[in-house]
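The listed protein sequences correspond, in order, to chains S and L. Quick note: to get this note's numbering, add 44 to the position in the first sequence (first position is 1). Quick note: to get this note's numbering, add 44 to the position in the second sequence (first position is 1). From the three backbone atoms N, C-alpha and C, an ideal C-beta is built for every residue, glycine too. As structure tokens, the structure follows; a few thoughts come after it.
There are 2 protein chains.
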Amino acid sequence: MAAKRAYDFEEGDGKNKKLLGGKGAGLCEMTQIGLNVPPGFVITTEACLEYYSSGRRLPDGLIEDVEGHLRSIESKTGKVFGGTDNPLLVSVRSGAAMSMPGMMDTILNLGLNDSSVIALVAKTGNERFAYDAYRRFVQMFSKIALGASEEKFSAAFDTIKSRHAAKLDTELGADGLKEAVAEFKRICRTETGRDFPDDPHVQLATAIEAVFSSWMGKRAIEYRRFNKITPDMANGTAVNVQAMVFGNMGDDSATGVAFTRDPATGENVFFGEYLANAQGEDVVAGVRTPKSIYEMEKEFPQTFAELMDVRQKLERHYKEVQDMEFTMEKGRLFILQTRNGKMTAAARLKTSIDMHEEGLLTKEEAVIRVDPAQLEQLMHKRIDPEAKKRVKIVKVAEGLPASPGAAYGAVVFTADDAQRLGNEGKKVILVREETKPDDIHGFIGAQGILTSRGGKTSHAAVVARAMGKPCVSGCEDIRIDDRAKVFTAGEAVVKEGDTITIDGTTGEVMLGEVPLVDPELSDDFRRVLEWADGMRRLGVRANADNPDAAAKARSLGAEGIGLCRTERMFNAADRLPLVHDMILSESDADRKAAIDRLEPLQKNDFLGIFESMAGLPVTIRLLDPPLHEFLPSTEQLLQDIYELKAAGKDTSAKEKLLRKVKVLFEVNPMLGHRGVRLGITYPELYEMQVRAIIEAACDAKKLGIDVHPEIMIPQVAIEKELENIKKLVERVATEVMSRSGTNVDYKFGTMVEVVRACVTADELAEVAEFFSFGTNDLTQGTYSFSREDAENKFLPKYISEGILKVNPFEQLDEDGVGRLMEMAVQKGRGVRPGLKVGICGEHGGEPNSVELCHRLGLDYVSCSAFRVPIARLAAAQARIKEDAKKKFARDV
Amino acid sequence: MAAKRAYDFEEGDGKNKKLLGGKGAGLCEMTQIGLNVPPGFVITTEACLEYYSSGRRLPDGLIEDVEGHLRSIESKTGKVFGGTDNPLLVSVRSGAAMSMPGMMDTILNLGLNDSSVIALVAKTGNERFAYDAYRRFVQMFSKIALGASEEKFSAAFDTIKSRHAAKLDTELGADGLKEAVAEFKRICRTETGRDFPDDPHVQLATAIEAVFSSWMGKRAIEYRRFNKITPDMANGTAVNVQAMVFGNMGDDSATGVAFTRDPATGENVFFGEYLANAQGEDVVAGVRTPKSIYEMEKEFPQTFAELMDVRQKLERHYKEVQDMEFTMEKGRLFILQTRNGKMTAAARLKTSIDMHEEGLLTKEEAVIRVDPAQLEQLMHKRIDPEAKKRVKIVKVAEGLPASPGAAYGAVVFTADDAQRLGNEGKKVILVREETKPDDIHGFIGAQGILTSRGGKTSHAAVVARAMGKPCVSGCEDIRIDDRAKVFTAGEAVVKEGDTITIDGTTGEVMLGEVPLVDPELSDDFRRVLEWADGMRRLGVRANADNPDAAAKARSLGAEGIGLCRTERMFNAADRLPLVHDMILSESDADRKAAIDRLEPLQKNDFLGIFESMAGLPVTIRLLDPPLHEFLPSTEQLLQDIYELKAAGKDTSAKEKLLRKVKVLFEVNPMLGHRGVRLGITYPELYEMQVRAIIEAACDAKKLGIDVHPEIMIPQVAIEKELENIKKLVERVATEVMSRSGTNVDYKFGTMVEVVRACVTADELAEVAEFFSFGTNDLTQGTYSFSREDAENKFLPKYISEGILKVNPFEQLDEDGVGRLMEMAVQKGRGVRPGLKVGICGEHGGEPNSVELCHRLGLDYVSCSAFRVPIARLAAAQARIKEDAKKKFARDV
């Protein structure tokens with residue numbers, strides 16, 4: 045006997061999405077928990093597969109089955125399919141195990157024809173509505189089920205409207221609509237070579253076949269391929285056939301939508317709107333203003349009570365806030381759909397806590413339903429969602445959302461101005477073509493940064509993110525004239541001192557001051573994070589480069605510092621001249637002297653950081669960037685020299701600088717003379733840094749501070765590089781400790797950010813006591829994509845063309861970078877069991893990447909302070925998912 | 045019973061290097077094949093291990109064994125160790141299974157003391173010689189066996205010399221030397237706290253212990269560690285104790301060296317020199333002029349006959365040309381050492397052929413003894429080895445040996461001048477700070493290229509190598525003044541028109557015209573290559589970008605083209621303006637028009653290449669470099685603009701160009717908008733190239749030419765990139781073929797030069813029909829080293845410090861890049877069995893890399909035409925080694 049091919053909503057297994065599709069299973073489920081769903085049935089995905097295995101023909105006997113189930117709907121509704129008195133109209137929808145674009149759309153009002161439409165007029169008392177439904181059905185059916193193209197219908201409808209002097213669709217009366225029905229049928233014939241079928245049974249069979257056929261449509265195939273949806277995940281589509289109900293059958297009818305709780309605040313109050321004598325579209329279209337659901341309590345108390353009951357049933361069943369659609373037809377309440385409610389981050393936190401306390405959710409369930417990425421919006425100042433109600437927002441440009449949060453201030457074009465005005469307490473936005481370490485004091489003074497060049501990992505973006513300041517980068521819409529101190533964006537001309545607002549979360553640039561709201565680590569947020577902390581296996585550290593940032597990170601839950609970038613200390617305004625001296629020195633003695641003057645400054649920084657992080661590990665990375673990054677650009681210097689010459693002034697200092705810049709010039713600086721390569725060629729630099737670290741640690745220890753320094757070497761590709769530097773570190777550390785008479789328990793480790801470090805991780809682990817993945821550079825090396833170039837030049841096209849699903853610099857690339865990381869972890873721990881492995885790249889705060897790190901068995905992630913709460917949550921969720929998977933494996 | 049700890053040369057197993065060390069085994073072997081070797085014995089490596097396992101003490105009973113073997117020497121020589129009449133003197137040498145720096149040096153004349161020295165004076169009749177030997181022995185023994193430092197001895201010797209008014213060591217007479225002996229003994233005592241031992245038995249035991257101890261010396265340990273010499277390869281050192289013989293015992297004594305064949309020509313004639321009444325050092329020191337070995341036939345006919353016999357025995361035994369040392373002591377011939385002879389590339393080829401024909405070597409043995417790297421010197425013009433006899437060579441600078449071969453010519457500073465003068469038939473050397481595609485016509489006109497900037501993979505180097513022209517790059521010793529048309533190198537000032545000679549094999553720059561000799565693919569060379577072709581499994585193709593180069597490659601044995609770089613075609617002088625038009629075009633239509641004008645030119649190139657390579661595969665890589673490479677630099681343009689402004693001229697054209705250059709600017713161009721990324725963002729470019737390829741192939745086919753085009757995509761990192769371009773290629777190819785009415789069987793494949801391509805090779809192999817490793821870029825991505833920056837900035841230090849053994853851009857890095865290649869081959873063939881995999885990076889012609897490619901199972905290597913013969917030979921050797929290894933595995 046063939047398997048059962050169709051199930052009434054009362055009999056289908058609501059858990060079997062594979063057989064019934066997601067939509068069908070949901071309709072069965074709602075029906076079976078006692079909600080009043082318009083009756084209907086599901087044709088199985090297996091029937092769809094039979095359709096293909098029999099050469100794209102409906103399986104024998106399917107139509108007979110369908111007729112049987114139709115009769116079941118007829119008996120439940122008292123209506124007759126194809127009847128002329130009380131006709132049964134149905135909707136036909138596709139529905140695979142996973143939702144999928146490219147599949148057939150809904151066909152509504154199937155069953156209408158020239159005779160049943162008259163019955164519909166009688167039932168609704170609304171001729172215009174009935175004929176509008178009819179012309180829409182003809183159009184939709186011709187298009188979707190028979191494959192006619194849209195254009196002809198639109199053109200014909202426009203012609204009819206103009207003939208009837210109707211501007212809007214709604215101005216066209218029943219007569220015009222009748223004309224449209226006739227005309228549409230004609231178009232159907234000429235376009236598809238087939239007559240529009242008047243027989244509802246033929247309509248239904250045709251629609252079912254069209255649904256099946258859409259499974260193998262080009263877009264659907266591509267979507268499945270791209271998203272790696274394999275047949276074991278979804279194979280074939282089901283077909284849902286359901287009786288139509290109408291909320292516009294008179295004053296005892298209505299239609300509406302409701303959330304089971306307030307989606308803005310999360311409060312446990314019913315939240316919805318309805319319109320009496322209306323259909324669903326009317327609520328959406330906003331032609332009439334809907335009423336609050338609480339009006340219903342007065343207007344339709346019985347239905348309201350029923351709805352309150354539905355609300356409770358749904359939440360108990362789905363354990364999630366529901367967003368439902370309902371229709372009251374002649375006093376009878378029908379539930380058409382329910383889905384998980386979208387809500388604000390705050391609401392999600394509140395409902396998680398409430399629903400756990402109500403006993404609806406376990407703690408794990410409460411934690412896993414909070415989207416970490418969504419929480420990011422709570423961590424920065426943002427445009428007040430109500431702002432547009434209060435001010436007119438004039439958006440003039442859009443760049444890359446480089447560092448989240450919003451800010452406003454007066455435009456300044458130089459870092460000096462930003463610093464000066466910032467010190468005076470003025471709010472300013474620093475606007476530059478691009479920024480350099482020279483501009484760092486301007487970042488401190490500014491509320492936010494806007495650049496016309498550079499990607500999300502440009503200097504401006506990275507520094508802004510680390511400082512937690514909003515930044516819009518690579519905003520090519522604006523043209524900056526530094527000298528005239530003005531920028532243009534399209535028509536708009538913005539002068540120095542004019543106020544603008546930037547939104548680093550969206551990349552938008554707006555004129556004037558747009559109201560903002562403050563970030564919040566609310567009590568709800570703290571509570572959920574505490575729960576998460578109890579569940580996660582991954583540690584969470586922060587990337588922080590100074591004592592304030594370290595303290596901030598600790599307050600947000602960081603369990604140490606995973607990356608302290610010592611070059612940030614070089615960039616500070618009081619250091620840069622010393623760094624210049626060091627680079628420009630012409631003798632070893634001069635260089636040594638400059639380095640010696642840097643040392644006490646670095647030492648002080650470390651001491652402050654150790655204080656902030658007392659008792660916790662602090663990973664300090666020795667100098668990484670190439671030295672020329674600390675100098676002005678060739679172009680800048682050439683311009684300066686020509687200007688000085690024109691003014692008859694002395695150019696020798698600038699020319700000396702230019703010569704040095706040329707000597708240090710690199711074709712591909714990202715792959716150049718930097719990191720450990722600097723440490724090997726200029727050992728005095730690393731020696732100074734190690735001395736500063738260990739001296740600070742000894743001093744801290746004497747002050748009673750519990751210190752755990754971890755010294756980390758960047759850009760390592762070869763085991764011997766690491767060995768060379770380890771000797772240097774040991775020598776200097778021993779010297780300092782014996783001089784100080786204190787012993788500091790420090791660790792020595794390596795960044796794993798060069799591909800070769802992954803491939804030879806077993807060799808590195810012989811020397812390194814810990815690994816920390818630098819996934820920005822690792823991604824770069826794996827793809828051969830320069831971040832700065834890629835994000836401006838070709839990544840947008842790669843994403844829009846579907847060559848990449850996401851930017852691999854934002855979310856770890858599991859198939860490429862992830863496999864190299866896996867190799868590194870395995871090889872490293874093969875040699876040194878228990879090797880501590882972390883990640884300190886930008887990915888460390890991105891939820892999907894955190895999950896990957898958990899699966900790879902890392903010990904911790906490290907990210908900027910503002911993302912620490914997000915990482916804590918994501919780490920807990922990774923653990924919960926892993927446990928669920930293990931449980932599933934055990935159960936199977 | 046303990047294992048035997050020492051072996052007479054007559055009894056030791058000459059094959060057991062592990063037990064007896066290399067040197068000891070050789071002495072045993074020579075003795076046993078009947079050569080008259082001064083008698084001696086070997087103490088085993090096992091005894092050395094016992095020394096360590098018993099806490100650095102000589103094993104019990106060892107000294108008794110040694111005494112026994114000493115008696116055996118005494119009986120063979122009739123001399124007595126420590127005797128005062130006819131004293132036996134011995135040498136003591138270390139000797140592990142593999143030669144190893146840092147081990148103990150030789151101690152000669154052990155056995156000398158105040159009484160035996162008198163006997164030596166009597167025997168030699170040369171008091172000065174005897175005391176010189178004695179003072180050297182005391183010094184050497186104190187230093188090597190007792191650990192005294194060199195300095196004190198040198199200082200004392202200088203004092204004694206000045207006291208005796210001797211400037212040279214040789215001017216110091218016996219009296220002075222006697223003083224030195226006494227003084228050296230005193231120094232020994234004060235420096236080491238030990239008296240110099242007069243007892244020869246104590247001398248010997250101390251020397252043996254010193255040899256054992258040197259096995260664990262710091263340098264030796266480091267050497268073994270760095271070279272990955274594991275205990276199964278060499279464990280402990282042996283000690284060789286051998287009777288001294290003297291060639292300076294009178295006119296019936298002599299000493300000499302000889303090659304069994306002429307090492308310059310390979311001719312089968314005896315070749316050597318000797319000095320009567322002299323010791324080895326005299327031959328080396330060149331104080332007296334040695335005589336030809338054929339003089340010996342007259343002077344010492346009996347010994348000469350013996351030597352001719354030794355010559356034959358050695359060659360028959362070692363199956364290799366031998367370089368031997370001999371001594372005649374009082375008419376008796378002793379063979380002291382023999383080793384494989386070093387010889388010229390030409391000699392090596394000739395001897396291989398001769399020795400095979402003489403039945404000494406199998407063909408495989410004849411092939412494997414030819415060093416492929418050495419053959420490279422035959423493939424280019426080179427400085428006449430006799431040149432210095434004819435002209436005075438003034439070397440003024442040294443840069444990187446960027447493209448091998450030598451050339452001379454008049455200095456020019458612009459590509460235009462090089463072209464113009466080259467066309468007039470003049471020989472010129474193009475001298476530039478660095479070169480750009482703009483300069484390409486200058487390369488064609490010049491004999492060679494000299495640049496002051498850029499590494500071995502700079503534009504100048506790569507283009508020069510591809511053209512087979514000599515190039516010295518990154519020659520920082522010279523300072524170029526373009527405008528004055530002059531360069532300086534130290535004191536030397538070289539003006540335009542002055543003649544210089546450059547040697548791209550060594551990096552040297554010389555003044556004037558140094559005589560050169562022509563390259564030769566001699567008959568011997570061809571014959572050996574034919575043998576090699578019969579043995580190799582790897583195919584050998586060439587990298588060639590035009591019909592002439594293709595024809596040249598074919599004549600050198602290339603079996604197809606593995607890499608045709610289409611951007612080289614863009615760079616030709618007649619194309620560059622069109623390429624500029626294309627890049628500068630402001631509308632799609634303009635760009636399309638420029639591209640259309642390029643197409644017929646490209647098509648013609650392909651047609652010519654197909655003709656040259658009829659019947660063989662031609663792999664064509666679509667455009668790879670970023671577009672800005674075809675434009676002048678920002679700096680150049682800024683300078684031009686300032687100069688035009690100063691001259692009051694119009695700058696608008698240059699300014700337009702500058703704007704475009706700025707738009708195209710990339711921070712890291714090597715990782716930028718290039719390769720397949722260009723193909724995806726500007727599909728019209730790749731479409732044009734595919735059209736040109738397929739049209740040319742169709743036309744060729746109509747002309748009866750057998751064509752096998754293979755279209756290859758550069759820089760692929762993601763399967764979808766390849767899929768996208770494959771669709772484009774298929775579409776265009778189908779169009780062209782249907783228009784032409786011809787069907788061309790082309791293949792579609794990918795470069796594997798991005799790390800991610802290796803990691804996801806299984807995905808790529810679903811789309812690609814072949815892989816070709818681009819190991820330049822792959823090495824770059826694996827190490828995160830920019831080639832151009834690394835070779836100038838830190839690689840020299842890395843190599844001198846031992847962090848890297850070789851430059852990974854010259855020889856494939858097996859541990860890093862090699863493992864990724866292995867992964868790619870396995871994953872690729874896992875999905876597409878029999879997938880064709882080649883390599884077209886610069887490594888494809890480097891012998892060690894060729895061997896690695898063979899082991900990885902690649903199908904072919906591709907290299908520049910001039911390296912094709914080298915690759916053919918290296919491929920055969922890889923096969924021979926593999927077979928030997930397999931045989932070994934079977935036998936074990």
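| Query | Result |
| --- | --- |
| Do you know how far the Cα of G793(L) is from the Cα of V875(L)? | 14 Å |
| Who are the Cβ neighbours of R598(S) in its own chain at under 7 Å, not counting the five residues just before and after it? | S656, M657 |
| For K841(S), return the contacting residues in chain L, with the cut-off set at a CB-CB distance below 7 Å. | I724, T725 |
| Measure the alpha-carbon distance for N312(L) versus I397(L) and round it to whole angstroms. | 11 Å |
| Quick check on T274(S): buried or exposed, where buried means 16 or more other Cβ atoms within 10 Å of its Cβ? | exposed |
| Under a three-way DSSP split, which group does D806(S) fall into? | helix |
| Between Y827(S) and chain L, is there a C-beta pair that is closer than 7 Å? | yes |
| DSSP beta-bridge partners for H752(L)? | P661(L) |
| Considering only residues of the segment 720 to 805 of chain S, which uninterrupted alpha helix (DSSP H) runs meet the minimum length of 4 residues and lie entirely inside it, listed in chain order? | 720 to 725, 727 to 746, 763 to 784, 799 to 803 |
| Ignore the nearest five residues each way along the sequence and tell me which others in R718(S)'s own chain have a CB closer than 7 Å to its CB. | D668, P669, P670, Q759 |
| V136(L) and L156(L) - do their beta-carbons sit closer together than 7 Å? | no |
| What residue ranges within the segment 432 to 495 of chain S form continuous alpha helix (DSSP H) runs of no fewer than 4 residues, ordered along the chain? | 459 to 467, 484 to 489 |
| Would you kindly work out how many angstroms separate the C-alpha atoms of M756(L) and F654(L), rounded to a whole number? | 16 Å |
| Closer than 6 Å by C-beta to E886(L): which residues in its own chain qualify, once you throw out the five before and the five after it? Chain order, please. | N820 |
| Looking at the C-beta of A508(S), does it have a partner C-beta in chain L at a distance below 7 Å? | no |
| Is the separation between the beta-carbon of T826(S) and that of G862(S) shorter than 7 Å? | no |
| Let me check understanding here. Comparing Cα to Cα, which of V225(S), D149(S), I188(S), K205(S) lies closest to A174(S)? | V225(S) |
| Which residue from L221(L), L71(L), E266(L), A189(L) puts its Cα closest to that of E235(L)? | A189(L) |
| Considering only residues of the segment 219 to 301 of chain S, which uninterrupted beta strand (DSSP E) runs meet the minimum length of 3 residues and lie entirely inside it, listed in chain order? | 281 to 287 |
| For E890(L), which three-state DSSP category applies? | coil |
| K265(L): buried (16+ other C-beta within 10 angstroms of its C-beta) or exposed? | Going by the sequence as given, residue 265(L) is Ile instead of Lys. The residue is exposed, with fewer than 16 neighbouring Cβ atoms inside 10 Å. |
| Hey, I437(L) and M554(L): beta-carbon distance below 7 Å or not? | yes |
| Of all the CB atoms in chain L, is at least one closer than 7 Å to the CB of G885(S)? | no |
| Whose CA, out of I488(L), S496(L), K529(L), lies closest to the CA of R509(L)? | I488(L) |
| Quick check: A983(L) and K647(L), are their CB atoms within less than 7 Å of each other? | Residue numbering for chain L in the displayed model covers 45 to 936; residue 983(L) lies beyond these limits and cannot be assessed. |
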